[in-house]
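Remarks on the structure that follows.
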Amino acid sequence: MTRAPKGAEHPHTEILRTIYRDLTRLADFAADDIVLHRADRTAEDPRVRRGIRAVRAHEQALLRMTEYTLVMDVEQITANDHFGTVLGVLRAERPREISVPFCGLWRFVDGRIAEHWENASCGPAELRRLFTPPPSYWPLADAG
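Residue numbers (the numbering used here): 17 to 160.
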């Protein structure tokens with residue numbers, strides 16, 4: 017068991033802080049066979065991503081969908097040898113301005129991230145709507 021000195025943070029806390037500052041760093045700390053449970057999952061469609069390549073693609077897609085305006089404002093991180101939780105607010109300016117409270121749950125094995133559950137305060141349908149660009153105000157703007 018890893019014991020941080022009194023008043024010191026657990027090493028997994030710093031890993032999570034690093035990831036939430038820069039989502040592209042997830043691969044630096046993840047196991048090759050990481051499992052990600054997306055925030056827009058449902059009982060009918062669990063939307064699980066398996067493996068570092070699939071998880072990296074998911075994170076890159078989130079950044080692209082928000083035109084790289086995605087910010088994860090972390091409010092609290094708690095971690096131990098096995099788990100980490102991160103509370104905060106997901107913010108983006110595009111495709112529309114959003115502000116959604118989140119709770120990320122992380123499972124660690126041998127110091128590497130083995131599993132991650134994304135959780136948002138809104139439901140899957142609302143989350144998808146927030147990440148969908150609004151219709152154009154100019155009727156011909158989308159015409160080629």
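For every residue, glycine included, the Cβ atom is placed at its ideal position computed from N, Cα and C. Note that the structure is a prediction, hence the values are computed from the model and not measured.
**Request:** Can you tell me the Cβ-Cβ gap for Arg69 and Arg63, rounded? I've got them flagged as a contact below 8 Å.
**Result:** Taking a contact as a CB-CB distance under 8 Å, the pair Arg69 and Arg63 does not count as one, their CB atoms being some 16 Å apart.
**Asked** Between Leu102 and Ser115, is the Cβ-Cβ spacing less than 8 Å?
**Response** Looking at the sequence provided, one finds Val at residue 102 rather than Leu. At least 8 Å separates the beta-carbon of Val102 from that of Ser115.
**Request:** Output the distance between the C-alpha atoms of Arg66 and Thr34, rounded to the nearest integer angstrom.
**Result:** 22 Å
**Request:** Would you mind reading off the limits of the alpha helix (DSSP H) that contains Ala73?
**Result:** 68 to 81
**6 Å Cβ shell around Thr85 - same chain, five flanking residues per side excluded** = Ala108, Glu109, Arg110
**Request:** Please list, in chain order, all residues of the same chain as Arg72 whose beta carbon is under 6 Å from its beta carbon, the five residues on each side excluded.
**Result:** Ala43
**Item:** Pro151 beta carbon less than 8 Å from that of Arg112
**Value:** no
**Prompt:** For Phe99, does the three-state DSSP call read helix, strand or coil?
**Reply:** strand
**Asked** Under the DSSP definition of a beta bridge, which residues are partnered with Gly120?
**Response** Val102
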